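Data block below; observations after.
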Amino acid sequence: MKNIIIPALIIVLIVVGIIYFGTKNRNSAPLSTPSTTNTNNSSTVSYFDENAKVMYFYSDSCSWCIKEKAVLEELAKEGYRVKPMNVGKNQGYWAQYDIQGTPTFVAPDGQKMVGYKEKDELKVFLDKYR
Numbered sequence: 043m044k045n046i047i048i049p050a051l052i053i054v055l056i057v058v059g060i061i062y063f064g065t066k067n068r069n070s071a072p073l074s075t076p077s078t079t080n081t082n083n084s085s086t087v088s089y090f091d092e093n094a095k096v097m098y099f100y101s102d103s104c105s106w107c108i109k110e111k112a113v114l115e116e117l118a119k120e121g122y123r124v125k126p127m128n129v130g131k132n133q134g135y136w137a138q139y140d141i142q143g144t145p146t147f148v149a150p151d152g153q154k155m156v157g158y159k160e161k162d163e164l165k166v167f168l169d170k171y172r
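With the sequence shown counted from 1, adding 42 to any position gets you this note's numbering.
Here it is, written out as structure tokens:
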């Protein structure tokens, strides 16, 4: 009987630990009314502009967002800009804008592009809202 109870107890503790620490980070920021104030320094990122019409929801720890940076940098050379919306620093954006994942681009009319996008596809989307 001891041979079953001890491993079962260890498994339960591991599962509880995973659940606790997995939800702790996502729920640590208050869901108060989030502002759209830039949490990154827009002046140092060529493709960020607080006045851009299309919002770009991203997280610094998102691997696809990191990959998207190269595409956005290329588009910035052509004059394209997006409004930075860092969900990693403002957890309230998830609920406020119904963001399901990152990267996500949201246009003024509510149209969304979810997931990593290649330059040509993203450019067509951004052109609609210039």
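For glycine and all other residues, C-beta sits at the position ideal for the given N, C-alpha and C. Computed from a predicted structure; not experimentally measured.
Separation of Ile53 from Pro126, as counted between CA atoms | 41 Å
Can you name the start and end residues of the beta strand (DSSP E) that Tyr135 belongs to?
-> Counting along the chain, Tyr135 falls outside any beta strand (DSSP E), though it belongs to the alpha helix (DSSP H) covering 134-138.
Going straight from the alpha carbon of Leu51 to that of Gly157, what length do you get?
-> 40 Å
Rounded C-alpha distance that separates Lys170 from Gln153 | 11 Å
Provide the residue(s) that pair with Lys161 in DSSP beta bridges, ordered along the chain.
-> In the DSSP output, where bridge partners are listed per residue, Lys161 has none listed.
Limits of the alpha helix (DSSP H) - the one that Val113 falls within = 105-118
Keeping to the same chain, check which residues put their C-beta closer than 6 Å to that of Asp102; ignore five residues upstream and five downstream.
-> Gly130
Determine, using beta carbons only, whether Lys161 and Val87 come nearer to each other than 8 Å.
-> no
Going along the chain, which residues of its own chain have a beta-carbon closer than 8 Å to the beta-carbon of Gly143, five neighbours each way excluded?
-> Val156, Gly157
Secondary structure at Pro49, three-state DSSP: helix, strand or coil?
-> Helix.
With Tyr89 and Ala118 assumed to form a contact (beta carbons below 8 Å), what rounded beta-carbon distance in angstroms separates them?
-> 4 Å
To the nearest angstrom, report how far apart Val148 and Tyr98 are at their CA atoms.
-> 7 Å
Just tell me which of Pro145, Asp140, Cys104, Ala137 has its CA closest to the CA of Val124.
-> Pro145
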